[in-house]
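Asks:
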C-alpha cells in the first residue's frame, strides 16, 4: 500500500511538472512587447535621475521575457522640477489633453502579449500614454498593465487600460514603488515568473 501511494505521488509530481513546463513553453513562444512611458529628471522620493523608474522595470521585463520595447517619449516634461510637473500633469488630466509623442508606434500585429507601463500621475497614467493608446490596436491580445508609484499602487490604470482596449484580454495589473526598482529586481522577476515565464 505504501509503495502504491508513493508511486501515485511521484506520478502526480511528474504530470504537474510536465504541465507547468508546457505552460512555460507556450508562454515563452508568445511574442511580447513592452510599451511604456518613463520620466527621468526630478522625481519624487528618488531625486534627479538619469533613467526613469519605469524604464528600469521595462528593461527587467525584456531581460526576463525577451520582449521588445517601445518607449513613449515626449520632451514636454524635460527639465521641469517635480512640483511644477505634477501641477502640469494635474491640468492635463483635468482637461483630458493628449500631448504628442515622438516616433511611430510599431506594428503590433506581430505580438501576442503587450506589457503597458508608466508612472501614476493624478490617479492614472500620464496623458501622453493616452495619446499613444489611440494608435494601438490590441484586439485579442493579452495585456499586462503595470505602474511605478510612490503610494498610488495601480490607481485607475488597470481600469483605464480596459476602457481603452475593450477587445483585449487585460490581465490583473501589477505595481512597484519607484524607489524600489533599482534594488528590488527580484520583485519584478517574481511577478513575471508568476505569469508563466
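Residue numbers (the working numbering): 1417 to 1613.
Using N, Cα and C, we set each Cβ at its ideal position, and we do this for glycine too.
Can you tell me where the alpha helix (DSSP H) holding residue 1547 begins and where it ends?
Replies: As a first step, residue 1547 must be located in the chain shown, where it is residue number 131. Residue 1547 -> alpha helix (DSSP H) spans 1543–1549.
Asks: Run the CB neighbour count on residue 1489, radius 10 Å, all protein chains shown included, and call it buried at 16 or more, exposed below.
Replies: Taking the first residue of the chain shown as 1, we reach residue 1489 at position 73. So residue 1489 ends up on the exposed side.
Asks: What does the alpha-carbon distance come out to for the pair residue 1421 and residue 1560?
Replies: What you label residue 1421 is simply residue 5 of the chain shown in a count that begins at 1. What you label residue 1560 is simply residue 144 of the chain shown in a count that begins at 1. Only weak support is given to the placement of residue 1421: the predicted model assigns it a pLDDT of 45, under 50, and the value that follows is read from those uncertain coordinates. The alpha-carbon atoms of residue 1421 and residue 1560 are separated by roughly 41 angstroms.
Asks: Just how far apart, CA to CA, sit residue 1445 and residue 1585?
Replies: Position 29 of the chain shown holds residue 1445. Position 169 of the chain shown holds residue 1585. Distance between the alpha carbons of residue 1445 and residue 1585 is about 18 angstroms.
Asks: Along the chain, where does the beta strand (DSSP E) that runs through residue 1592 open and close?
Replies: Residue mapping note: residue 1592 aligns to position 176 of the chain shown, counting from 1. 1590–1593 is the span of the beta strand (DSSP E), which, as asked, contains residue 1592.
Asks: Per DSSP, what are the beta-bridge partners of residue 1527 in this structure?
Replies: Working through the chain shown from its first residue, we reach residue 1527 at position 111. Paired residue(s): none; residue 1527 is not in a bridge.
Asks: Quick check on DSSP: helix, strand or coil for residue 1477?
Replies: By one-based count along the chain shown, residue 1477 stands at place 61. Reduced to three states, the DSSP call for residue 1477 is helix.
Asks: Would you mind sorting residue 1447 into buried or exposed? The rule is 16 or more other CB atoms within 10 Å of its CB.
Replies: Here residue 1447 refers to the residue found at position 31 of the chain shown. Under this definition residue 1447 is an exposed residue.
Asks: Applying the 10 Å Cβ sphere with the 16-neighbour rule, what's the burial state of residue 1576?
Replies: For this step, residue 1576 is matched to residue 160 along the chain shown. Answer is buried; the Cβ neighbour count reaches 16.
Asks: DSSP on residue 1571, reduced to helix/strand/coil?
Replies: Along the chain shown, read from residue 1 onward, the residue named residue 1571 stands at position 155. Correct three-state label for residue 1571: coil.
Asks: Excluding sequence positions up to five away, which residues of its chain have a Cβ less than 7 angstroms from the Cβ of residue 1573?
Replies: Taking the chain shown and counting its residues from 1, one reaches residue 1573 at position 157. Cβ within range, chain order: 1536, 1540, 1541, 1561, 1563, 1589.
Asks: Determine the direct distance from the alpha carbon of residue 1483 to that of residue 1555, and round the result to whole angstroms.
Replies: For the purposes of this step, residue 1555 is taken as the residue at position 139 of the chain shown. For the purposes of this step, residue 1483 is taken as the residue at position 67 of the chain shown. Rounded to the nearest angstrom, the two C-alpha atoms are 19 angstroms apart.
Asks: Looking at the structure shown, is residue 1488 part of a helix, part of a strand, or coil, going by DSSP?
Replies: Here residue 1488 is taken as the residue at index 72 of the chain shown, counted from 1. In the structure shown, residue 1488 sits in coil (DSSP, three-state: anything other than H, G, I, E or B).
Asks: What are the start and end residues of the alpha helix (DSSP H) that includes residue 1509?
Replies: For the purposes of this step, residue 1509 is taken as the residue at position 93 of the chain shown. From DSSP, the alpha helix (DSSP H) with residue 1509 extends over 1498–1511.
Asks: Pick helix, strand or coil for residue 1458, following the three-state DSSP scheme.
Replies: The residue given as residue 1458 occupies position 42 in the chain shown. Three-state result, residue 1458: strand.
Asks: For residue 1497, which residues of its own chain have a beta-carbon under 8 angstroms away from its beta-carbon, when the five flanking residues on both sides are left out?
Replies: Taking the chain shown and counting its residues from 1, one reaches residue 1497 at position 81. Excluding positions up to five away in sequence, the list reads 1458.
Asks: Return helix, strand or coil for residue 1603, following the three-state DSSP convention.
Replies: Along the chain shown, one-based indexing puts residue 1603 at 187. In this structure, residue 1603 counts as helix in the three-state DSSP scheme.
Asks: Run the CB neighbour count on residue 1479, radius 10 Å, all protein chains shown included, and call it buried at 16 or more, exposed below.
Replies: Counting from one through the chain shown, the residue named residue 1479 turns up at place 63. Answer is exposed; the Cβ neighbour count stays below 16.
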